[in-house]
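Residue numbers (the numbering used here): 8 to 80.
For glycine and all other residues, C-beta sits at the position ideal for the given N, C-alpha and C.
Here's the structure we're looking at; comments come further down.
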Amino acid sequence: MQSVIAPLMPEKRPGQEIIRFYTSAERKELFRQYCSFRETSMTEALEECIDSLISDESFKAYLEMKRQLQERQ
Numbered sequence: 008m009q010s011v012i013a014p015l016m017p018e019k020r021p022g023q024e025i026i027r028f029y030t031s032a033e034r035k036e037l038f039r040q041y042c043s044f045r046e047t048s049m050t051e052a053l054e055e056c057i058d059s060l061i062s063d064e065s066f067k068a069y070l071e072m073k074r075q076l077q078e079r080q
């Protein structure tokens, strides 16, 4: 019998990095149910969340302030 390991995530493409963390089984199950409810994959839901967080106007203002401070140095 041949052992087959199905990939849990898409293949890495150039320029991509992996984000990996541990969470409780209960939290993971609730997130899995949330994704099922939304009819989306866990990866897609996390990508949407990250996109929402990094596109926040206050975060963009912080990045601009940080860039300006670095230019002065």
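Residue span of the alpha helix (DSSP H) that contains residue i, given as start and end
| i | result |
| --- | --- |
| Asp58 | 49-61 |
| Glu36 | 32-45 |
| Glu64 | 64-79 |
Nearest candidate by alpha-carbon position, reference residue i, set the options
| i | options | result |
| --- | --- | --- |
| Glu36 | Arg27, Glu24, Met49 | Met49 |
| Arg26 | Phe66, Gln77, Leu53 | As written in the sequence, residue 26 is Ile, which differs from the Arg given in the question. Of the candidates Phe66, Gln77, Leu53, the one whose C-alpha sits nearest the C-alpha of Ile26 is Leu53. |
Cα-Cα separation, residue i to residue j
| i | j | result |
| --- | --- | --- |
| Glu33 | Tyr41 | 12 Å |
| Phe38 | Gln77 | 39 Å |
| Gln23 | Tyr69 | 24 Å |
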